[in-house]
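S.K.:
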Amino acid sequence: MELKLKRRILPDERRRILKNLLDKKGFARILEAHNGLSAIIANNIKEIINNEILEFDGFWASSFTDSAAKGYPDIEIIGVESRYETIRQILNNTNKPMIIDGDTGGEAANFEYFVRTLEDMGVSMVIIEDKKFPKRNSLESGTIQDQEDPEIFATKIKRGKEVQISKDFMIVARIESLISGSGLKDAIFRAKKYLLAGADGIMIHSKDIDPKEILDFAMEYNKLSKELGFRKPLVCVPTTYNTISEDKLQDFGFNIVIYANHLLRAAHKAMKETASIILRSKRAFEAESMCSPVKTVFKDVGFLDVKEKDMKYNKGHIKVIIPAAGTDPEFDIPKAMTILKGKPVLQRQIETLKNCGINDITVIRGFKKEEFSIDGVSYIDNNDYDKYYILHSLFKAEEQMEGGFLFIYSDILFNEQIIKNLLTSNGDIILALDNSYTYHKHKIDKNLELILTKNKPSEQTRDLYQIENEIIRIGRTINMDMADYEFTGIAYFSEYGVEIIRRIYNECKLNHKGNFHEADSFGKASFIDLIQEVIDRGFRVDILEVHKGWFEIHNRKDIEVAERLI
Numbered sequence: 000m001e002l003k004l005k006r007r008i009l010p011d012e013r014r015r016i017l018k019n020l021l022d023k024k025g026f027a028r029i030l031e032a033h034n035g036l037s038a039i040i041a042n043n044i045k046e047i048i049n050n051e052i053l054e055f056d057g058f059w060a061s062s063f064t065d066s067a068a069k070g071y072p073d074i075e076i077i078g079v080e081s082r083y084e085t086i087r088q089i090l091n092n093t094n095k096p097m098i099i100d101g102d103t104g105g106e107a108a109n110f111e112y113f114v115r116t117l118e119d120m121g122v123s124m125v126i127i128e129d130k131k132f133p134k135r136n137s138l139e140s141g142t143i144q145d146q147e148d149p150e151i152f153a154t155k156i157k158r159g160k161e162v163q164i165s166k167d168f169m170i171v172a173r174i175e176s177l178i179s180g181s182g183l184k185d186a187i188f189r190a191k192k193y194l195l196a197g198a199d200g201i202m203i204h205s206k207d208i209d210p211k212e213i214l215d216f217a218m219e220y221n222k223l224s225k226e227l228g229f230r231k232p233l234v235c236v237p238t239t240y241n242t243i244s245e246d247k248l249q250d251f252g253f254n255i256v257i258y259a260n261h262l263l264r265a266a267h268k269a270m271k272e273t274a275s276i277i278l279r280s281k282r283a284f285e286a287e288s289m290c291s292p293v294k295t296v297f298k299d300v301g302f303l304d305v306k307e308k309d310m311k312y313n314k315g316h317i318k319v320i321i322p323a324a325g326t327d328p329e330f331d332i333p334k335a336m337t338i339l340k341g342k343p344v345l346q347r348q349i350e351t352l353k354n355c356g357i358n359d360i361t362v363i364r365g366f367k368k369e370e371f372s373i374d375g376v377s378y379i380d381n382n383d384y385d386k387y388y389i390l391h392s393l394f395k396a397e398e399q400m401e402g403g404f405l406f407i408y409s410d411i412l413f414n415e416q417i418i419k420n421l422l423t424s425n426g427d428i429i430l431a432l433d434n435s436y437t438y439h440k441h442k443i444d445k446n447l448e449l450i451l452t453k454n455k456p457s458e459q460t461r462d463l464y465q466i467e468n469e470i471i472r473i474g475r476t477i478n479m480d481m482a483d484y485e486f487t488g489i490a491y492f493s494e495y496g497v498e499i500i501r502r503i504y505n506e507c508k509l510n511h512k513g514n515f516h517e518a519d520s521f522g523k524a525s526f527i528d529l530i531q532e533v534i535d536r537g538f539r540v541d542i543l544e545v546h547k548g549w550f551e552i553h554n555r556k557d558i559e560v561a562e563r564l565i
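Counted the way numbering that gives the first Met the number 0 counts, the sequence shown spans residues 0 to 565.
1. Note down, in chain order, each residue of its chain lying with its Cβ closer than 7 Å to the Cβ of I527, except the 5 sequence neighbours on either side.
2. Beta strand (DSSP E) containing G57: first to last residue?
3. Considering only heavy atoms of the ligand FAD, does any lie closer than 7 Å to the CB of D331?
4. Is it buried or exposed for Y112, if we count other Cβ within 10 angstroms and need 16 for buried?
5. Indicate the three-state DSSP secondary structure (helix, strand or coil) for F538 in the structure shown.
6. What are the boundary residues of the alpha helix (DSSP H) that E161 is part of?
7. Tell me whether C290 sits in a helix, a strand or coil according to DSSP, three-state version.
8. Who are the near neighbours of F251 in its chain, counting only those whose CB is closer than 6 Å to its CB and skipping five residues on each side?
9. Considering just the uninterrupted stretch of the beta strand (DSSP E) at C507, what are its terminal residues?
10. Let's test the definition: count the other Cβ atoms within 10 Å of the Cβ of Q249 and tell me whether it reaches 16, buried, or not, exposed.
11. Which whole-angstrom value describes the C-beta separation of F55 and R28, a residue pair presumed to lie in contact below a C-beta threshold of 8 Å?
12. Name the residue from N94, D427, S61, S435 whose alpha carbon lies nearest to the alpha carbon of S81.
13. Pull up the distance between the alpha-carbon of N446 and that of E517, whole angstroms please.
14. Quick one: Cα of T295 to Cα of D427, how far?
15. Terminal residues of the continuous alpha helix (DSSP H) containing N89?
16. State the Cα-Cα distance for the pair D497 and V122, rounded to the nearest angstrom.
17. Let's see if you can read the secondary structure: which residues bound the alpha helix (DSSP H) around S377?
18. Within a Cβ cutoff of 7 Å, which residues of the same chain sit near I477, ignoring the five residues on either side of it in sequence?
19. Please work out which residues of its chain come closer than 6 Å, Cβ to Cβ, to K155, disregarding the five sequence neighbours upstream and downstream, and give them in chain order.
20. Using the beta-carbon count (16 or more within 10 Å), is R536 buried or exposed?
21. Exposed or buried, what is E245 when buried is set at 16 or more other beta-carbons lying within 10 Å of its beta-carbon?
22. Can you pull the DSSP bridge partners for Q146?
23. Would you mind stating whether N92 and A153 have Cβ atoms separated by less than 8 Å?
24. Assuming the contact rule is C-beta atoms closer than 8 Å, E469 and I542 should be a hit. Round their C-beta distance to whole Å, please.
25. Under the three-state reduction of DSSP, which class applies to G200: helix, strand or coil?
26. Less than 8 Å between the beta carbons of L17 and N254, yes or no?
27. Looking at the secondary structure, which residues open and close the beta strand (DSSP E) in which I29 lies?
28. Taking just the CA atoms, how far does L352 sit from G548?
29. So Y388 is in the beta strand (DSSP E); what residue range does that whole segment cover?
30. Distance check for Y258 and Y240, CA to CA, integer angstroms please.
31. Residue range of the beta strand (DSSP E) that F113 falls in?
32. One question on the structure: do E562 and L339 come within less than 8 Å of each other, judged by their Cβ atoms?
33. Taking the DSSP output, what are the residues bridged to R364?
34. For I76, report the span of its alpha helix (DSSP H) as first-last.
35. Taking a contact to mean a Cβ-Cβ separation below 8 Å, would you say L393 touches A490 in this structure?
36. Please report the straight-line C-alpha distance between S275 and N34, rounded to a whole angstrom.
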């Protein structure tokens with residue numbers, strides 16, 4: 000679904016859609032929406048049946064569902080400003096026409112202002128019912144439904160029509176005669192009076208489970224239309240008589256079918272069942288099947304599109320964190336400060352990053368921190384480098400993670416293309432991986448950080464375009480013959496990716512006891528141990544497939560190799 004800002008439509012454009020649709024097709028299928036999220040669903044849901052795309056043509060803002068969603072009974076308690084706020088939520092998230100349940104319309108003077116406000120908002124139609132204020136819900140059992148004097152109601156319609164400006168805005172009269180017990184004859188009498196007062200259509204309401212009485216009305220309405228010499232749209236709400244099909248309703252002359260409260264009722268049932276399951280289970284796992292995945296909700300409300308836009312613009316201001324506090328028994332200085340052809344490894348990393356337009360670089364130092372004298376970077380000291388491992392160093396720079404960052408091992412060389420490709424990839428957590436080690440396994444005498452992915456590397460497509468893939472396992476104990484890739488030591492975290500690792504790290508730091516994946520304890524955990532924990536908790540870790548263009552310094556022999564490559 001598109002970013003919700005792209006679904007916006009000007010009020011004048013939206014207002015005319017419904018009338019144009021009725022003129023062209025003679026029929027509109029309308030679904031209730033009671034807030035922004037339900038409106039997004041109603042706006043975007045589609046089904047393909049027999050090669051025909053079926054969708055809803057617009058929305059019904061019901062006073063019942065609006066009241067219920069806010070925890071109130073449907074007796075016109077909700078004030079007009081509260082109604083307007085709900086209407087705005089729906090309009091802000093959609094691009095289809097909207098029909099408003101106007102209850103009784105209030106006093107005639109109030110109704111005039113109501114009409115003008117709805118017009119300005121881009122609403123296509125308001126339906127008002129011929130009941131006395133305050134109204135009671137028509138489907139409520141055991142309640143006397145008092146109808147308004149038809150003369151008074153007709154005057155209200157006339158005054159509403161006189162103040163409207165747009166020819167596209169419609170005022171429809173809802174007749175309650177079948178609800179109140181006044182019968183078919185009274186309903187037709189009222190329909191005639193309201194149409195002559197200027198009503199743009201008639202809605203006939205019934206709470207009978209048998210559609211016979213509304214079909215009888217439709218037949219009489221067709222006769223009335225011939226008598227008057229014009230026909231205005233006929234509207235129905237098949238809530239109780241729900242076995243009749245749209246096709247049959249169309250055959251009898253109905254032009255608008257409103258499914259008036261189904262999303263609210265469906266949500267109500269699902270919420271009660273979910274809450275009950277959590278109570279009974281004393282955990283959330285059993286309720287998960289009742290819930291949409293968080294990412295699906297993110298997608299529907301446009302959060303993923305916002306992230307994509309943020310990623311596009313923020314990656315130009317990306318930050319880099321390089322943990323370089325640890326020791327290596329083969330080196331008497333930090334490996335990041337090892338000299339390669341006159342320059343430290345760290346200096347070469349910084350130059351590559353600056354060539355990519357990245358200047359915000361933080362280095363975490365610990366062992367022989369006085370060796371770090373390179374300008375143009377920020378330093379954070381980890382004085383516990385001899386007690387804790389790389390995760391402790393990384394989270395010394397937790398504030399610098401804000402907004403997203405690149406993670407880079409301090410002992411690797413890499414080219415600009417890897418960084419540029421990583422910054423143009425999509426995903427919240429992305430690791431740059433290489434499978435070239437598979438071509439020379441027999442030469443490898445190092446403890447590599449290996450990866451298993453959901454999909455095996457594809458030789459045929461790897462040089463053409465990047466294939467979406469995700470990591471399912473990462474570690475140093477993975478069998479080399481089974482592994483798909485090697486981790487290069489370079490990773491990207493979006494703002495949401497930062498939220499994920501920050502939450503997991505702080506939770507594990509507080510609560511975890513014993514081994515942590517391949518580490519003896521959480522304090523001695525590696526970066527890849529954290530990534531495996533992220534995966535095990537159900538979060539996706541994407542890959543960027545690279546083919547060479549990087550080199551890791553494991554030992555002193557690697558210095559000679561690296562100098563030949565530079």
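For every residue, glycine included, the Cβ atom is placed at its ideal position computed from N, Cα and C.
M.R.: Result, derived from the coordinates:
1. E448, I473, G474, F486
2. 57-60
3. Absence of the ligand FAD is noted for the structure shown, with no ligands found whatsoever.
4. exposed
5. coil
6. 149-162
7. coil
8. L214, A217
9. Premise fails: C507 lies in the alpha helix (DSSP H), 494-510, not in any beta strand (DSSP E).
10. exposed
11. Yes, they are in contact, since the Cβ atoms of F55 and R28 sit about 5 Å apart, within 8 Å.
12. Checking every option, the nearest Cα to that of S81 belongs to S61.
13. 13 Å
14. 15 Å
15. Position check: residue 89 holds Ile in this sequence, whereas Asn was assumed. Element bounds for I89: 79-91.
16. Before going on, a small fix: residue 497 reads as Val here, not Asp. Rounded to the nearest angstrom, the two C-alpha atoms are 42 Å apart.
17. No alpha helix (DSSP H) holds S377; the beta strand (DSSP E) holding it covers 377-380.
18. These residues qualify, in order along the chain: L449, L451.
19. If we look at K155 and ignore the five residues flanking it on each side, its Cβ neighbours are G104, A107, F110.
20. exposed
21. exposed
22. Bridge pairing for Q146: K130 [DSSP].
23. no
24. Indeed, because the Cβ distance is near 7 Å, the residues count as touching under 8 Å.
25. The answer is strand: DSSP assigns G200 an E or B state.
26. no
27. 27-31
28. 14 Å
29. Looking at the DSSP string, Y388 is not in any beta strand (DSSP E), and its letter there is neither H nor E.
30. 11 Å
31. Per DSSP, F113 lies in no beta strand (DSSP E) segment; the continuous alpha helix (DSSP H) that holds it begins and ends at 107-120.
32. yes
33. A323, D380
34. For I76, no alpha helix (DSSP H) segment is defined, and its DSSP state is neither H nor E.
35. Using a Cβ distance threshold of 8 Å, L393 and A490 do not count as a contacting pair.
36. 24 Å
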